[in-house]
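In this note's numbering, the protein residues as written are 172 to 262. C-beta: ideal position from N, C-alpha, C; glycine also. Source: prediction; values computed, not measured. Notes follow the structure.
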């Protein structure tokens, strides 16, 4: 993805995460509404392209948050991801 698209896709990812944070354990209504607003009304090919942009934005956002967490705690980002992977493996 070209760098000039990264800010837009990251902004979209932030919107999506903000919607999720409004009700992380509850009904996903706002999250679904936000996701639909990014994908609805386009051709299937455009939906795929926009979905990929959202995935890239979410990846960039997640990586940025991991780096911020590493800066705050001193725990390497890889260790945090490994810890989360182990938690999900146990479920």
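Could you tell me if residue i is buried or exposed, where buried requires 16 or more neighbouring beta carbons within 10 angstroms of its beta carbon?
| i | result |
| --- | --- |
| residue 180 | buried |
| residue 184 | buried |
| residue 197 | exposed |
| residue 224 | buried |
| residue 245 | exposed |
| residue 175 | Because residue 175 carries a pLDDT of 49, less than 50, the predicted location of this residue cannot be relied on, and no value is offered for it. |
| residue 228 | buried |
Roughly how many angstroms lie between the CA atoms of residue i and residue j, to the nearest whole one?
| i | j | result |
| --- | --- | --- |
| residue 172 | residue 191 | Reliability fails at residue 172, whose pLDDT of 40 lies under 50, so the model's placement of it is uncertain and no value is given. |
| residue 218 | residue 255 | 30 Å |
| residue 200 | residue 194 | 9 Å |
| residue 187 | residue 221 | 13 Å |
Can you name the start and end residues of the alpha helix (DSSP H) that residue i belongs to?
| i | result |
| --- | --- |
| residue 214 | Note, residue 214: premise wrong, no alpha helix (DSSP H); not H, not E. |
| residue 196 | Unbroken run through residue 196: none, as it is neither H nor E. |
Please determine whether the Cβ atom of residue i lies at a distance below 7 Å from any heavy atom of the ligand COA.
| i | result |
| --- | --- |
| residue 218 | This structure lacks the ligand COA, and indeed carries no ligand of any kind. |
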